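Counting from 1, position 45 in the sequence shown corresponds to residue 44 in numbering that gives the first Met the number 0; the numbering is continuous, with no gaps.
Even glycine gets a Cβ: it sits at the ideal position worked out from N, Cα and C.
As the structure is a prediction and not an experimental result, all values here were calculated from the model.
Report on the following structure.
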Amino acid sequence: MPAPATTGRGLYTLVGLTTAIGGYLADWNHTHVFNDRWPPHAKFHNGQTMSMGLCLGLSTLYYVWRRNPNITAEKDALRISTWLASMYWITQMSAILYPGSRAMDPEFGDGFPQAYLCAGLGLIIWGGYYLESGRIMEMEKRKA
């Protein structure tokens with residue numbers, strides 16, 4: 000039995016909302032935006048990252064929920080949604096690879112707690128993709 004039409008979209012919605020507001024929830028505090036030890040340029044890039052998350056999250060929601068005129072457009076929207084939903088989290092995982100980069104400032108702890116969030120959201124994205132692909136295949140069968 001196929002998943003309900005909104006199950007996959009619900010998973011994308013969870014990721015889209017997390018991407019859109021997560022940076023603000025995590026960074027609008029003394030560890031980032033209001034950290035007096037951060038130079039202005041670091042805060043500039045933090046603001047850029049938060050704004051990028053907002054744009055990617057809202058774009059994910061737009062593409063996953065918009066009405067599409069046909070199956071081809073539906074497939075394209077799913078691919079676009081998957082890419083948009085993934086970009087922020089892929090780039091967050093890659094940030095640790097830059098010279099001198101750390102996932103946390105030493106005064107606030109050690110480790111890479113973002114890795115668990117990124118991996119979990121990646122699994123949710125692919126779960127949503129699987130469910131939405133199944134929904135689209137069912138649409139194709141009904142049209143045939």
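Should Gln47 be labelled buried (16 or more other beta-carbon atoms within 10 Å of its own) or exposed?
exposed
Would you call the stretch 84 to 92 in contact with the stretch 111 to 118, where contact means no fewer than 3 C-beta pairs closer than 8 Å?
yes
Considering only the beta carbon of each residue, do Gly56 and Leu16 sit closer than 9 Å?
yes
Span separating the alpha-carbon of Arg101 from that of Phe107
11 Å
Provide the residue span of the alpha helix (DSSP H) that contains Pro39, from first to last.
Pro39 to Trp64
Consult DSSP for Tyr11 and reduce its assignment to one of helix, strand or coil.
helix
Using CA coordinates, which residue listed in Glu131, Gln113, Gly21 and Lys42 is at the minimum distance from Leu77?
Glu131
Using 10 angstroms around the beta-carbon of Ala84, count the other beta-carbons present and answer buried if the total reaches 16, otherwise exposed.
buried
By how many angstroms is the C-alpha of Leu13 removed from the C-alpha of Thr145?
Residue 145 falls outside the range modelled here, since the chain spans only 0 to 143, and no answer is possible.
Beta carbon of Tyr87, beta carbon of Gly52: below 9 Å?
yes
Just confirm the distance between the C-beta atoms of Ile70 and Glu137, as a whole number of angstroms; I'd bet it's less than 8 Å.
The Cβ separation is near 11 Å, so there is no contact.
With H, G and I counted as helix, E and B as strand and the rest as coil, what does DSSP make of Asp75?
helix
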